[in-house]
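Following the numbering used here, the numbering of the sequence shown begins with 1 at its first residue and continues without gaps. Note that the Cβ used here is the ideal one computed from N, Cα and C, for glycine as well. This structure is a prediction, so every number in the text was calculated from the model and none was measured. A short worksheet on the structure shown next.
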Amino acid sequence: MKNTLETRLGIFVALVVIAAVLILETLGGIDLFQRGYYVAALFDNVQDLKVGDRVKMAGVEIGRVHGIELTNNKVLVSMKLKEGAQVRTDSIARVLFTGLMGQNYVAISFGSPTAPLAARENTFLATAEQPDLAAIMQKMDNVASGVENLNRSFTGEKI
């Protein structure tokens with residue numbers, strides 16, 4: 001009887017561990033079993049990018065953000081790319097967002113066809129910064145205030 005209980009408990013624990021690994025693999029964006037290689041990029045601002053966010057090339061997912069850390073007044077982003085992703089040495093990485101919720105991702109350009117493929121480890125990509133959404137909204141607010149003041153001056157109100 002005791003042996004049967006231990007066997008059942010062992011099977012249950014094994015199933016829980018397998019389920020946890022599968023959940024992390026599918027929902028968490030963690031690629032435990034996928035082969036690939038790492039590249040990195042230094043950004044001034046990653047606009048709320050998170051570990052596990054997608055890395056895309058021409059809209060196709062080619063990897064995930066593996067790590068984010070501050071280093072020398074920059075943000076170092078390491079990315080794990082799928083084995084078949086052909087990133088070139090002159091490819092450019094940008095942090096972009098999709099949808100109204102602002103889901104961030106890293107977009108990598110193709111680069112020129114004549115440029116060599118990036119080395120498979122420890123390659124740093126060039127970056128291009130996108131304007132921060134908050135800064136754009138602030139500028140739009142300033143423009144709206146200016147238009148409102150201009151409208152008041154035409155209607156005879158004192159500014």
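{"Asked": "THR114, buried or exposed, once every other Cβ within 10 Å from all chains shown has been counted against 16", "Found": "exposed"}
{"Asked": "Reduced DSSP category for ASN104 - H, G, I as helix; E, B as strand; rest coil", "Found": "strand"}
{"Asked": "Under the three-state DSSP convention, the category PHE110 falls into", "Found": "coil"}
{"Asked": "Close-in-space but distant-in-sequence residues of the same chain around VAL118 (CB under 8 Å, 5 per side omitted)", "Found": "The amino acid occupying residue 118 in the given sequence is Ala; Val does not appear at that position. Result list for ALA118: VAL39, VAL87, ARG88, THR89, SER91, LEU125, in chain order."}
{"Asked": "N-terminal and C-terminal residue of the beta strand (DSSP E) that GLY67 is part of", "Found": "60-71"}
{"Asked": "Anticipated Cβ contact below 8 Å, GLU83 with GLY36, distance rounded", "Found": "5 Å"}
{"Asked": "Unbroken beta strand (DSSP E) run spanning SER78, endpoints", "Found": "74-82"}
{"Asked": "First and last residue of the uninterrupted beta strand (DSSP E) at LYS50", "Found": "Note, LYS50: premise wrong, no beta strand (DSSP E); not H, not E."}
{"Asked": "Three-state secondary structure assigned by DSSP to THR123", "Found": "strand"}
{"Asked": "Euclidean distance between Cα positions of ARG8 and ILE23", "Found": "22 Å"}
{"Asked": "With 16 other Cβ atoms within 10 Å as the buried cut-off, status of MET57", "Found": "buried"}
{"Asked": "Distance between LEU42 and VAL147 (C-alpha atoms, nearest Å)", "Found": "38 Å"}
{"Asked": "Sequence-distant residues of its chain with Cβ nearer than 7 Å to LYS80 (five each side left out)", "Found": "ASP31, GLY36, TYR38, GLY63, ARG64, HIS66"}
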